[in-house]
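Okay, so here's the structure we're looking at.
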Amino acid sequence: MKIAVVPGSFDPVTLGHLDIIKRTSQIFDLVYVSILKNGNKGGHALFTVPERMELLQRVTGDIKNVRLDSFDGLLINYAKSKNACVIVKGLRAVTDFEYEFQMALINNKLDPEIETMFMMTNGKYSYLSSSIVKEVARYNASLNDLVPDEIMPDIYNKLNSIKED
Ligand code: ADP
0 MKIAVVPGSF DPVTLGHLDI IKRTSQIFDL VYVSILKNGN KGGHALFTVP ERMELLQRVT
60 GDIKNVRLDS FDGLLINYAK SKNACVIVKG LRAVTDFEYE FQMALINNKL DPEIETMFMM
120 TNGKYSYLSS SIVKEVARYN ASLNDLVPDE IMPDIYNKLN SIKED
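Structure below.
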């Protein structure tokens, strides 16, 4: 059984993430989509980990071989604990490359049995990130073609609830 891990912040999940998740699920027997608990690149998270998981559940619930999970600590240790043979990362642009290259090399040093594979973004989503989604939603602009329809209201509602605080 070939198991892959697709890690990320997913704050919130975008159509770019979903594209990578779907394509990965067609190649591997089992895919863990795993939310990094202590991540978010130093910034503040919009959604809590359970909320991010609920949004992911709504949009990946129909993909039979996808399991949702969360983790903290070293990704490579987590991947090993799941018996994964591969970590899949999406690559959007050259800007993603340098950091991911470094992470892949250190992970390979820590555990050479687990490979990192890069999946090229779908051209339609090469500009898309969770930060861009939050920025667009903050100004009440349309999230069409950025996130799945069924989670759009959650994003606007969350941002509005924060404004009221
Ligand atoms: P973001 O940068 O959007 O906050 P995450 O940290 O949640 O993303 O990213 C999780 C994984 O998904 C990373 O491997 C990232 O490169 C990938 N990813 C994010 N957005 C896209 C996209 N639009 N196309 C391809 N891969 C993506």
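Just so we're aligned, residue 0 is where the sequence shown starts under numbering that gives the first Met the number 0, counting upward by one.
Built from N, CA and C at the ideal position, the CB exists for glycine as well.
Item checked: Beta-carbon contacts of S125 that lie in its chain and below 7 Å, excluding the five residues immediately before and after -> Reading the sequence shown from its first residue, position 126 is the one you call residue 125. Contacts found: R91, A92.
Check: From the beta carbon of V135, is the nearest beta carbon of chain D less than 7 Å away?
Finding: In summary, chain D is missing from the structure at hand, where a single protein chain is found.
Check: Which two residues bound the contiguous beta strand (DSSP E) that contains I2?
Finding: Residue numbering aside, residue 2 sits at position 3 when the sequence shown is read from its first letter. Counting along the chain, I2 sits inside the beta strand (DSSP E) bounded by residues 2-7.
Next item on the list: State the DSSP-derived secondary structure class of T115, mapped to helix, strand or coil.
Entry: Taking the first residue of the sequence shown as 1, we reach residue 115 at position 116. In this structure, T115 counts as strand in the three-state DSSP scheme.
Check: Any heavy atom of the ligand ADP closer than 6 Å to the Cβ of G122?
Finding: Your numbering for residue 122 matches position 123 in the sequence shown. Checking the 6 Å criterion, the Cβ of G122 is out of range of every heavy atom belonging to the ligand ADP.
Check: According to DSSP, is D68 helix, strand or coil?
Finding: What you label residue 68 is simply residue 69 of the sequence shown in a count that begins at 1. Note: D68 maps to strand in three-state DSSP.
Check: Which of the three DSSP states, helix, strand or coil, is assigned to S128?
Finding: The sequence position of residue 128 within the sequence shown is 129, counting from 1. Coil, per DSSP.
Check: When you compare each of M0, D18, F100 to P147 by their alpha carbons, which one comes out closest?
Finding: To locate residue 147, count along the sequence shown from 1; it is residue 148. Of the listed residues, the one whose Cα sits closest to P147 is D18.
Next item on the list: Kindly indicate which three-state DSSP category S80 falls into: helix, strand or coil?
Entry: Residue mapping note: residue 80 aligns to position 81 of the sequence shown, counting from 1. DSSP, reduced to helix, strand and coil, places S80 within a helical segment of the structure shown.
Notebook entry, point to check: Quick one, which of E99, A83, K81 has its alpha-carbon nearest G89's?
Noted result: Here residue 89 is taken as the residue at index 90 of the sequence shown, counted from 1. Of E99, A83, K81, the residue nearest in Cα terms is E99.
Item checked: Endpoints, the alpha helix (DSSP H) within which L104 is located -> For this step, residue 104 is matched to residue 105 along the sequence shown. Where L104 is concerned, the enclosing alpha helix (DSSP H) stretches over 93-109.
Note to self: Is R66 near the ligand ADP - that is, is its Cβ less than 6 Å away from at least one heavy atom of it?
What the structure shows: Looking up residue 66 in the sequence shown gives position 67. Answer for R66: no, Cβ out of range of the ligand ADP.
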